[in-house]
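First the structure, in the form of C-alpha cells, and then the observations on it.
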Amino acid sequence: MTTKFLLFFLSILLAVPSSATTIIPADLGELSRDARAIVRGRVAALDAQWTEDRGTIETIVTLEVEHYLKGALGQTLRFRVPGGDLGRLRSIFVGAPQFVVDERVVVFLGANGPSVPYVLGLSQGVFRILRVGPDAAEFVASPATMAATAGAVRIVRGDPSRRALALDDFEERVRALAGGAK
Amino acid sequence: MKRSTLVAIGLCLLAVGFSRAAAAQTVPAAGPGRLEVSLGALWFGQLALGSNDANETTPTGGNLKIFSTSTDLGSVAGLEARVGVRLLQSLEAEAEASYGTPQLKVTITGDIENAPDVTATESVQQFTIGGGVVWYVPVHAASGRLVPFVSGGVGHLRQIHEERTSLETGLYYHVGGGVKWLLFARPRGLVNAMGLRVDARAVVRTKGVAFDDGGHASPAVGASAFVRF
Amino acid sequence: MKRPLAAIVAAALVVVQAPPAHAYLKFGVTVGGQSITLKWTQTPVRYSVSSQGITDVPVADFQAAVDRAFATWQAVPTATISYQFAGITAAQPGRDDGLSTLGFQNRPDLDRVLASTSFLVDRVSGALVESDIFFNTAFQWSVAPAGATGRFDLESVALHEIGHMSGLGHSALGETELRDGGGRRVLAAEAVMFPIAFSAGSVAGRTLKADDITGITDLYPEAEFASTSGSVSGRVTKEGQPIFGAHIVAFDVARGTGVGGFTLTADGRFSIGSMTPGIYILRVEPIDDADVDSFFDEARNTDIDFRVVFVDRVVVVPKAGDTGEVPVAVVRK
Numbered sequence: 001m002t003t004k005f006l007l008f009f010l011s012i013l014l015a016v017p018s019s020a021t022t023i024i025p026a027d028l029g030e031l032s033r034d035a036r037a038i039v040r041g042r043v044a045a046l047d048a049q050w051t052e053d054r055g056t057i058e059t060i061v062t063l064e065v066e067h068y069l070k071g072a073l074g075q076t077l078r079f080r081v082p083g084g085d086l087g088r089l090r091s092i093f094v095g096a097p098q099f100v101v102d103e104r105v106v107v108f109l110g111a112n113g114p115s116v117p118y119v120l121g122l123s124q125g126v127f128r129i130l131r132v133g134p135d136a137a138e139f140v141a142s143p144a145t146m147a148a149t150a151g152a153v154r155i156v157r158g159d160p161s162r163r164a165l166a167l168d169d170f171e172e173r174v175r176a177l178a179g180g181a182k
Numbered sequence: 183m184k185r186s187t188l189v190a191i192g193l194c195l196l197a198v199g200f201s202r203a204a205a206a207q208t209v210p211a212a213g214p215g216r217l218e219v220s221l222g223a224l225w226f227g228q229l230a231l232g233s234n235d236a237n238e239t240t241p242t243g244g245n246l247k248i249f250s251t252s253t254d255l256g257s258v259a260g261l262e263a264r265v266g267v268r269l270l271q272s273l274e275a276e277a278e279a280s281y282g283t284p285q286l287k288v289t290i291t292g293d294i295e296n297a298p299d300v301t302a303t304e305s306v307q308q309f310t311i312g313g314g315v316v317w318y319v320p321v322h323a324a325s326g327r328l329v330p331f332v333s334g335g336v337g338h339l340r341q342i343h344e345e346r347t348s349l350e351t352g353l354y355y356h357v358g359g360g361v362k363w364l365l366f367a368r369p370r371g372l373v374n375a376m377g378l379r380v381d382a383r384a385v386v387r388t389k390g391v392a393f394d395d396g397g398h399a400s401p402a403v404g405a406s407a408f409v410r411f
Numbered sequence: 412m413k414r415p416l417a418a419i420v421a422a423a424l425v426v427v428q429a430p431p432a433h434a435y436l437k438f439g440v441t442v443g444g445q446s447i448t449l450k451w452t453q454t455p456v457r458y459s460v461s462s463q464g465i466t467d468v469p470v471a472d473f474q475a476a477v478d479r480a481f482a483t484w485q486a487v488p489t490a491t492i493s494y495q496f497a498g499i500t501a502a503q504p505g506r507d508d509g510l511s512t513l514g515f516q517n518r519p520d521l522d523r524v525l526a527s528t529s530f531l532v533d534r535v536s537g538a539l540v541e542s543d544i545f546f547n548t549a550f551q552w553s554v555a556p557a558g559a560t561g562r563f564d565l566e567s568v569a570l571h572e573i574g575h576m577s578g579l580g581h582s583a584l585g586e587t588e589l590r591d592g593g594g595r596r597v598l599a600a601e602a603v604m605f606p607i608a609f610s611a612g613s614v615a616g617r618t619l620k621a622d623d624i625t626g627i628t629d630l631y632p633e634a635e636f637a638s639t640s641g642s643v644s645g646r647v648t649k650e651g652q653p654i655f656g657a658h659i660v661a662f663d664v665a666r667g668t669g670v671g672g673f674t675l676t677a678d679g680r681f682s683i684g685s686m687t688p689g690i691y692i693l694r695v696e697p698i699d700d701a702d703v704d705s706f707f708d709e710a711r712n713t714d715i716d717f718r719v720v721f722v723d724r725v726v727v728v729p730k731a732g733d734t735g736e737v738p739v740a741v742v743r744k
C-alpha cells in the first residue's frame, strides 16, 4: 500500500506544454537565416486573447528588449504563441513554448507582413538563459544543434563535447549564421 | 552439447571403469529396506538463457542496434541432501533437495553512445526438491568398495530474485551416474555403511528464471558423504 | 466563435486520480493547485473529420488514413481506449467549438510543424472539452500504401498525433544525425511518439512499439493486465545531487523491447509503470540532443551534463508490484 501511495505521488503530471507536434527539426543556421528578427530580452507580460477570427486562444508575449542579434522591431516587442488561459478555458497547443514573466530568453521570430510576429519552429525558436555556477555565468538552456559541414554526423547522447553554450558564444555564433556563415 | 556436459558424462564412464578394475575385499551388499542419508555439495554449471539486441527501427524498416545483451544464470556450488530407500539390491529410490545462490548476469556490450560495457547482476536463491532412482550397475566386483551407479530424477525448481519481489518456478530433470566409495561396511548394527558419493549429471531445467518455456541443459556434479542404516 | 460556457459540451471529466506510475510522458494540467492527468474518461472518444481536403489527399482518403490510425491505437490489447467517427464537419481543427476535429490547415507561421494537437480544457472542473489535430498543408502528404517519395506519410503522422490526443507526451527513444549542410534527420526510432518524423517517403511509423503500447496502457489499463503488470522506480543522482530530466530506458532482456521514462521530480525520482513482469536492465542518458522544451515544461531545470550509463544491477519487475527504488549514479561529462 505504501508503495502504491508513493507511486501515486511520483506520477508527475506536467503542466501542459510538452510538445504534441510532429516537427521538422531546424538547426541554428536555418533558424538564424530564416528569422525576421532575433532578440534577447526579458518577458514582461503574458496576455491571452481570442485570435482575430475568435476561433481559438493565443497568448501575446511582451518582451523588453535587451538587444537584437538580427533585425529591429522596437525596444518593446510583442509576439504571439498559440494557446493560453482565458477565463474558464485553457487552450493547450502542444509544442508551443511556455513563458514565465521575468525570465530572459533569446527568441527567433518570423512574421507575415505587418502582423504580430510568431516564434519560428515553435519551441525550437526559444533559447532560455540560465545563470549557472557561483559566478552566475550565463548559458543558453537548450543545446543548439549546429549543421554538419563535412558529411552527416550522428548525434551521440552524452557526448562530452556537447555542452550548454555560454550566452556570449551563442550570440556570436548566431550573428555569424544570420550573416550567412555556415 | 556443451563441453561441460560432455565432461560430466565422461567422469561417469570413468567412475564405472575404475570400479570394475578395483580389487576389493568382500563387502555385504545393501538389502531391500535399507535407508541411506547423504549430505554434501552440488555444483550446477552455467546456464545460457539467451541474447538480445536493443534495436531501433530505421526509416526503411530495418534495425539500428543500440546495444547487445547476453544473459546467463551463473554456475553455483551449493548444498545437497538426499534420503534413499533400497527397493531391491540394485535399485534405490531417493528424495533429494538442494540449495544454491547462482548469479543472474546480463552482459551488456557495444553501446552506440559509448556507455561502458557492464555486467548487470543479481543473486538468485535457488531451491530444488524432487525424487529419482538409482540403479547400481551389476559389475564383476559388485561386492567391492567402489559401487558404480546410474541415476535419474525429476523435481521442482524454485528461484527467488534478490529483492524477494519475484518468484519463478519450474521443473528439472537429470540423468547421470557416479560411484559410491564405501569407507565402512558391516552386516549388522544400526549403521550398515558409510562412505562418499560422487556423481555427474546432465540437468535440464524448464521455466524458472528463463526466457522461454523450453528446456535448457547444464551439467552438475555432486559430492557427498552418506550413511546407510 | 466564442461560445457561452453553458453550451460547451464537456467531452469527459478528468478524474483527479493518477495511475500508479507512468510509462513515459503523459500530459497534465494544474487545476486548483492540483495536478491532473489529461486523459479521456468517457469513451469512445468521438472525432470529426474536416471536409476540407487537399488536392493530393481527398477527404475520403484522409478519413480512411486517420481511421486506420485510430484503429491501431484501439487494437492495443492491454488498453481500453476506443474511438468513434462522428462525421464530416465544415469546422476546421483548432477552433474551440466543442468538437474534436482532424483536418488540414494552411499554417505558414508553423513552417516546421508537420502536424499538431491542441486541447481545450475547463480550468475549473478539469474537464477535457475537445482535442483537435491539424495537418499542415505547407507540406506534401501521401496516403499511398507504400508511401510516396518526397511526401510525408499521413497515417504515420496521424498515429503520432492521435497518441497525443489520447494523452501521451513525447518519447526520447530515437537516434538522429545532423545532415551535411543543414538540418537533422531520424536515423532510427523505437517509439511512434518520438517527436521528429521519419523522412518523407517512409511508412515505418505506422507500427506501435513497446514504449507506445506501455504508455497508452498506463493511461487506459485493461483490468486483467493492470492486475498483473508491475513497475520500476528509482532515483538518479550526480555527485550525490538529484537529476531532473534524465532519460531512463528499461530494456526487457527476454523480449528485446525497451520502455522509456524520465526523472520528473526535484529529488531525481522516476517511475515507469504498466510493465510486463520480467528481467530488465536500465540505461540512463541525458537528452542533450533534444529540444528539451518539447519534453518538459521545466526544461530550464533539466540536467544534461552527464554520460550515458548502464545500471550494474539486474532489475526484476514483479507481477503486480514495484522493483523498489533503484539507485542510479551518473558521472559528469
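As they're listed, the protein sequences go chains A, B and C. Per the working numbering, the very first residue in the first sequence carries number 1; after that it's consecutive. Per the working numbering, the very first residue in the second sequence carries number 183; after that it's consecutive. Per the working numbering, the very first residue in the third sequence carries number 412; after that it's consecutive. Where is the CB? At the ideal position from N, CA and C, for every residue including glycine.
Ordered along the chain, which non-local residues of its own chain (more than five positions away) have a Cβ less than 8 Å from that of residue i?
i	result
residue 578(C)	437, 438, 448, 449, 450, 451 and 630
residue 738(C)	645, 646 and 648
residue 460(C)	470, 473, 474, 477, 496, 498, 499, 500, 512, 513 and 514
residue 306(B)	255, 283, 284, 285, 286, 341, 342, 343, 344 and 391
residue 409(B)	218, 219, 220, 373, 375 and 376
residue 633(C)	488, 489, 490 and 491
Taking a contact to mean a Cβ-Cβ separation below 7 Å, would you say residue i touches residue j in this structure?
i	j	result
residue 62(A)	residue 568(C)	no
residue 291(B)	residue 250(B)	yes
residue 637(C)	residue 695(C)	no
residue 240(B)	residue 231(B)	no
residue 573(C)	residue 515(C)	no
residue 337(B)	residue 310(B)	yes
residue 698(C)	residue 674(C)	no
residue 391(B)	residue 402(B)	no
residue 387(C)	residue 717(C)	Because chain C here runs from 412 to 744, residue 387(C) falls outside it and cannot be looked at.
residue 259(B)	residue 223(B)	yes
residue 735(C)	residue 641(C)	no
residue 157(A)	residue 295(B)	yes
residue 689(C)	residue 665(C)	yes
residue 611(C)	residue 563(C)	yes
residue 643(C)	residue 524(C)	no
residue 228(B)	residue 272(B)	no
residue 600(C)	residue 670(C)	no
residue 93(A)	residue 35(A)	no
Leaving aside the five residues before and after residue i along the sequence, list all residues of the same chain whose C-beta is less than 6 Å from its C-beta, in chain order.
i	result
residue 180(A)	none
residue 623(C)	602, 603 and 604
residue 130(A)	139 and 141
residue 340(B)	309 and 351
residue 48(A)	57, 59, 84, 85 and 86
residue 121(A)	26
residue 554(C)	468, 472, 476 and 565
Skipping 5 residues on each side, what residues in its chain have a beta carbon closer than 7 Å to that of residue i?
i	result
residue 462(C)	470, 499, 500 and 501
residue 221(B)	263, 406 and 407
residue 203(B)	For residue 203(B), the predicted model reports a pLDDT of 41, less than 50, meaning its position is unreliable and no value from the coordinates is stated.
So which residues of chain C does residue i contact, with C-beta pairs closer than 9 Å?
i	result
residue 135(A)	Ordered by position in chain C, no residue passes the 9 Å Cβ test against residue 135(A), which lies about 17 Å from the chain.
residue 283(B)	What residue 283(B) touches in chain C: nothing, since even the nearest Cβ is about 14 Å away.
residue 232(B)	664 and 665
Which residues in chain B have a C-beta closer than 7 Å to the C-beta of residue i? List them in chain order.
i	result
residue 564(C)	Ordered by position in chain B, no residue passes the 7 Å Cβ test against residue 564(C), which lies about 10 Å from the chain.
residue 585(C)	238
List the residues of chain A whose Cβ lies closer than 9 Å to the Cβ of residue i, in chain order.
i	result
residue 608(C)	22, 23 and 24
Kindly list, in the order they appear in chain A, the residues whose Cβ is closer than 8 Å to that of residue i.
i	result
residue 296(B)	156 and 158
In chain B, which residues lie less than 9 Å from residue i when you measure between Cβ atoms?
i	result
residue 613(C)	240, 241, 242 and 243
May I ask you to list the residues that DSSP assigns as paired with residue i?
i	result
residue 662(C)	669(C) and 692(C)
residue 234(B)	251(B)
residue 517(C)	Paired residues: none, contrary to the question.
residue 484(C)	DSSP, once it has assigned bridges, lists no residue as partnering residue 484(C).
Identify the contact partners of residue i in chain C, using a Cβ-Cβ distance below 7 Å as the criterion.
i	result
residue 170(A)	Simply none; closest approach about 15 Å.
Quick one: which chain C residues come within Cβ less than 8 Å of residue i?
i	result
residue 395(B)	Chain C residues near residue 395(B): none, gap ~11 Å exceeds 8 Å.
Legend entry - Three-pair Cβ contact test at 8 Å for the region 34-49 of chain A versus the region 487-498 of chain C: The region 34-49 of chain A makes no contact with the region 487-498 of chain C, as fewer than three CB pairs between them are under 8 Å.
Inset, instruction - Give a yes or no on contact between the region 62-82 of chain A and the region 479-489 of chain C, applying the rule of three or more CB pairs nearer than 8 Å. - result: Contact between the region 62-82 of chain A and the region 479-489 of chain C is absent: fewer than 3 CB-CB pairs across the two stretches fall below 8 Å.
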